[in-house]
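Per our numbering, the very first residue in the sequence shown carries number 35; after that it's consecutive.
Note sheet for the following structure.
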Amino acid sequence: MTAPREAPDGHELGSAEWTDLSAADRDHLRRAIRLGREGWGSVHPNPMVGCVLVRNDTVVAEGIHRSFGGPHAEADALAQAGGEAKGATAYVSLEPCRHQGKTPSCALALHAAGIARVVYWAPDPGQEEGGGGRLLEKNGVRVQGPHGSEEEWRGENPFFFHRPQGNRPYVAVKLAVSLDGGIAPAGGRRQWLTGPEAQVEVHRLRAGFDAILVGAGTWRADDPKLTVREWDPPAVPPLRVFIDPRGDMGATAAAFQGDGGPVVLAVGEPAVDPTAARLGSRAEIVGLPVGPGGLDMACLLDVLGRRGVRTLLCEGGGRLVATLLASGLADRLYLFQAPLLLGPRRVPAFPASDTPREENGEGTAAPGGSFSRWRRVRPPETFGSDILITLDRSL
Ligand code: AOF
Ligand code: ZN
């Protein structure tokens, strides 16, 4: 649709530490990483991978893993290069796979095509998939990799490098915040904080997740559809999950009109039967234990994980986001900073009651909470007048 976003600059990718590589090597490797990003929304749960083939300082082909089950980046590049691949160097953002999966082994394909040298970025952690680097070396190909750190690899391919805990899906949180730290004007009225460019980016992000989640305050104020409208729709539209403790969502809600992924309503256990009777087949009703802080989010994530949701994007509101952050349930934060002030009666992004508390002034987290550190994944990006900061919870 649009060109893949620029790769992080060298510093952010730690390429200064790629000491075994020349400046030209680094450029080609960064290009491979950048190419891989075109797979967002269509390759998961596979990783995003790009490949650049270079012979005599000339790029002979660029390959991308474009769709789940489709050719890997190396196969895509080799198909374009034909005989030009002989003696070339392959720059790949992931260690070429050793195994025969849905597609043949990339390590063997590179060797068979006469590739002389392979430079790769991230190792493939898979039991069968990994080890392609060693296989290539055994076959007389010069191999340089991995480069970078696990945090960098995870920053680029968050789902692929995620280490799941139980059934819990990978959880990203998106929040648009005013300069004075609000998410909505007084009374929680609907108001777009970010501009159209940021909205497109949010739809692009949605396309890469299995499910989208919003809290009760947010759907009451916004009546969102949670569909992918401003980006190429993914093969499987994301599941749409609404928190609705009392089962209040009406059949006229926008989510029930038109197309979109299935709708899940997460309600308190007592509301299950009446809500199911009222909404019929419009929504799947999930009953959750109700505690003092609202519905049990860990339980919801467990249920969704068992239902096949591997990745989830929470789009607010503030209370839900604060709960996920404070209870250590969020892995990534997409923070859009919008250039406006909402004033003293704004709805705060992080309501005080839900943020982790210091106890005894010693910095211990509130029960279940954690003062987790967050690491910026890439330099801040601008979308129109808004700034996106992407942060991962440190390992
Ligand atoms: C590569 N290059 O472009 C990708 C790789 O079932 P398959 O054949 O599609 O294999 C999927 C696995 O292969 C995936 O889990 C990951 O380990 C690796 N992905 N490897 O050499 C690529 N996408
Ligand atoms: Zn492969």
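Cβ coordinates follow ideal geometry from the N, Cα and C atoms, glycine included.
Under the rule that 16 or more other beta-carbon atoms within 10 Å means buried, what is Ala109, buried or exposed?
-> buried
Cross-strand partners of Arg176 (DSSP beta bridge) = Arg151
Nearest-angstrom Cα distance between Arg340 and Leu422?
-> 31 angstroms
Applying the criterion that 16 or more other CB atoms from any shown protein chain within 10 Å of the CB defines a buried residue, is Asn90 buried or exposed?
-> exposed
In this structure, what does DSSP give as the bridge partners for Ile421?
-> Gln371 and Thr416
Nearest neighbour of Pro159, chosen from Val175, Ile149, Val298 and Phe195 [CA to CA] = Phe195
Enumerate in chain order the residues of its own chain whose CB-to-CB distance from Phe102 is below 6 angstroms, with the five nearest sequence positions on each side excluded.
-> Val77 and Asn80
May I ask you to check if the CB of Ala156 is nearer than 6 angstroms to at least one heavy atom of the ligand AOF?
-> no
Give a single yes or no on whether Glu72 has its beta carbon closer than 6 angstroms to a heavy atom of the ligand AOF.
-> no
List the residues that DSSP assigns as beta-bridge partners of Glu318.
-> Val298
Where the alpha helix (DSSP H) containing Ala146 begins and where it ends | Cys140 to Ala146
Around the ligand AOF, which residues pass a check of Cβ closer than 5 angstroms to any of its heavy atoms?
-> Asn80, Val83, His99, His106, Ala107, Pro130, Cys131, Gly135, Lys136, Thr137, Cys140, Asp158, Gly160 and Glu163
Please determine, among Gly164, Arg263 and Arg224, the residue with the shortest C-alpha to C-alpha distance to Gln233.
-> Arg263
When Ala141, Ala113, Gly121 and Ser127 are compared against His62, the one with the closest alpha-carbon | Nearest option by C-alpha distance: Ser127.
Using 8 angstroms as the Cβ pair cut-off and three pairs as the minimum, do the segment 215-231 and the segment 168-186 touch?
-> no
Say whether the segment 367-383 touches the segment 330-345, bearing in mind that this needs 3 or more beta-carbon pairs closer than 8 angstroms, one atom from each stretch.
-> no
Return the Cβ separation of Pro385 and Gly352 in integer angstroms, given the expectation that the two are a contact with Cβ distance under 8 angstroms.
-> 6 angstroms
Check the C-beta distance from Gly97 over to Ala119 and give it rounded, since I have them as a contact under 8 angstroms.
-> Not confirmed; about 11 angstroms, so no contact.
Unbroken alpha helix (DSSP H) runs of length 4 or more, entirely within the segment 56-80: which are they?
-> 57-70
Going along the chain, which residues of its own chain have a beta-carbon closer than 6 angstroms to the beta-carbon of Glu235, five neighbours each way excluded?
-> Phe417.
Would you check if the distance between the CB atom of Trp253 and the CB atom of Phe290 is smaller than 7 angstroms?
-> no
Going by DSSP, name the residue or residues bridged to Val86.
-> Glu96 and Tyr125
Span of the beta strand (DSSP E) around Val337 | Run containing Val337: none in the beta strand (DSSP E); it sits in the alpha helix (DSSP H), Met331 to Arg340.
For the putative contact between Lys208 and Cys348, defined by C-beta atoms under 8 angstroms, what is the C-beta separation to the nearest angstrom?
-> 7 angstroms
Euclidean distance between Cα positions of Leu247 and Val320 | 13 angstroms
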